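Just below is one structure, and these are the notes that go with it.
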Ligand code: CP
Ligand code: NVA
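Numbering (the numbering used here), first residue to last: 76 to 412.
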């Protein structure tokens, strides 16, 4: 049977059907089980993988590296200051060179056009490790974590609190809509998602039956919530915006009051990480000194509470990224999805 994922890139959630996306989640769970039982799964023996990072990363870089090694491939990290890309060489030329040497390419950076150009010109599968627009590998980990918790996805309600127009919010909105998960965006109007993202999500929601809600009202937002999700108020590349975002988002923090409002014993809290829940970071300290707040998008209490699943979620980055690389580059058995 042909592997329908073979040779494809993983650039944005919209490029996959709901059945394909959910199959990738289930295949990730299978690879996770193999890893836990020490059963080898070296689908990419002898392959070479380039890891391009214009922006910094802990989880995504670590996940691609460990997953590649587990699959029998060699990962090569190429950081922003290591290569010519963008500064001395066009994306097209770099892609053509890397495509002749590597079997697959991961890219994390600013521009969605750049990751798409890499895919067009390299001729090998390209995996989006985050751009300003989307964070698709994060979505596989997030919805795997949710499925592990609740057993199934369709009909659940995910509430995203905070900056409603960043990459993670965009991806959650579209992926939730694709998979039949209701998505509530709890943000100030100034930070509601862009119309184009909303239109895309609405078109998927019409097919899946998911409900989409954008609201500034906390009670309305958390009604029926199964998952409360937040992300940083200031994303990579926006570091001059702390003051503006703190004043816009201080009432959109995930704290115990909001959790209580949701009134669901089974509720879980997710965060893609890294998180500002204390002052143990350079930015955290700086913000505390300048603006007098010690926690931003989530309180330390919630972060360490029984609701929290973000470290499971972080681990799942590795199993899900492994699944994407294995099926787009290797030959595992893939039934007709
Ligand atoms: N969640 C996530 O992408 O983390 P990193 O920025 O550490 O890769
Ligand atoms: N929105 C965040 C996500 C980090 C994983 C950022 O882009 O910095």
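Cβ atoms here follow ideal geometry from the backbone N, Cα and C, with glycine treated the same way.
All of these numbers come straight from a predicted model, not from anything done at the bench.
Cβ neighbour criterion (16 or more within 10 Å) applied to residue i
| i | result |
| --- | --- |
| residue 393 | buried |
| residue 315 | exposed |
| residue 270 | exposed |
| residue 410 | exposed |
| residue 92 | exposed |
| residue 406 | exposed |
| residue 449 | Residue numbering for the chain in the displayed model covers 76 to 412; residue 449 lies beyond these limits and cannot be assessed. |
| residue 250 | buried |
| residue 454 | The chain is shown from 76 up to 412; residue 454 falls before or after that span and cannot be answered. |
| residue 156 | exposed |
| residue 279 | buried |
| residue 218 | buried |
| residue 357 | exposed |
| residue 301 | buried |
| residue 169 | buried |
Proximity to residue i [Cα-Cα], best of the options
| i | options | result |
| --- | --- | --- |
| residue 287 | 317, 245 and 321 | 245 |
| residue 162 | 181, 149 and 129 | 129 |
| residue 154 | 323, 285, 133 and 373 | 133 |
| residue 145 | 165, 121 and 127 | 121 |
| residue 209 | 147, 313, 248 and 257 | 248 |
| residue 81 | 140, 200, 300 and 260 | 200 |
| residue 221 | 338, 118 and 97 | 97 |
| residue 125 | 102, 107 and 149 | 149 |
| residue 391 | 383, 320 and 216 | 216 |
| residue 273 | 89, 79 and 84 | 89 |
| residue 389 | 345, 250, 376 and 253 | 345 |
| residue 339 | 292, 297, 373 and 254 | 297 |
| residue 188 | 205, 379 and 172 | 205 |
| residue 103 | 399, 412, 311 and 404 | 399 |
| residue 291 | 234, 397, 255 and 331 | 234 |
| residue 232 | 223, 258, 335 and 252 | 258 |
| residue 225 | 160, 341 and 337 | 341 |
| residue 74 | 330, 223, 358 and 83 | The structure shown has nothing for residue 74, since the chain only spans 76 to 412. |
| residue 305 | 293, 329 and 196 | 329 |
| residue 276 | 343, 252, 143 and 172 | 252 |
| residue 331 | 359, 383 and 355 | 383 |
| residue 267 | 107, 147, 375 and 243 | 243 |
| residue 397 | 174, 312, 94 and 141 | 141 |
| residue 335 | 320, 260, 118 and 381 | 381 |
| residue 202 | 179, 173 and 352 | 179 |
| residue 294 | 219, 317 and 333 | 333 |
Contact belief for residue i with residue j at Cβ below 8 Å, rounded distance in angstroms
| i | j | result |
| --- | --- | --- |
| residue 207 | residue 185 | 5 Å |
| residue 262 | residue 230 | Contact flag wrong, Cβ pair sits at about 23 Å. |
| residue 414 | residue 212 | Here the chain covers residues 76 to 412 and nothing more, so residue 414 does not appear. |
| residue 303 | residue 236 | 6 Å |
| residue 86 | residue 191 | 6 Å |
| residue 401 | residue 373 | Wrong, their Cβ atoms sit about 33 Å apart, outside the cutoff. |
| residue 165 | residue 241 | That belief does not hold up - the Cβ atoms of residue 165 and residue 241 are roughly 28 Å apart, past 8 Å. |
| residue 183 | residue 127 | 7 Å |
| residue 139 | residue 167 | No, residue 139 and residue 167 are not in contact; Cβ-Cβ is about 23 Å, not under 8 Å. |
| residue 378 | residue 352 | 4 Å |
| residue 119 | residue 147 | 5 Å |
| residue 95 | residue 307 | The pair is not a contact, with the Cβ atoms about 29 Å apart (cut-off 8 Å). |
>> For the structure I just gave you, are there three or more beta carbon pairs, one from the region 363 to 371 and one from the region 93 to 112, closer than 8 Å?
In response: no
> With a cut-off of 8 Å, do at least 3 Cβ pairs link the region 311 to 329 to the region 278 to 286?
Replying inline: no
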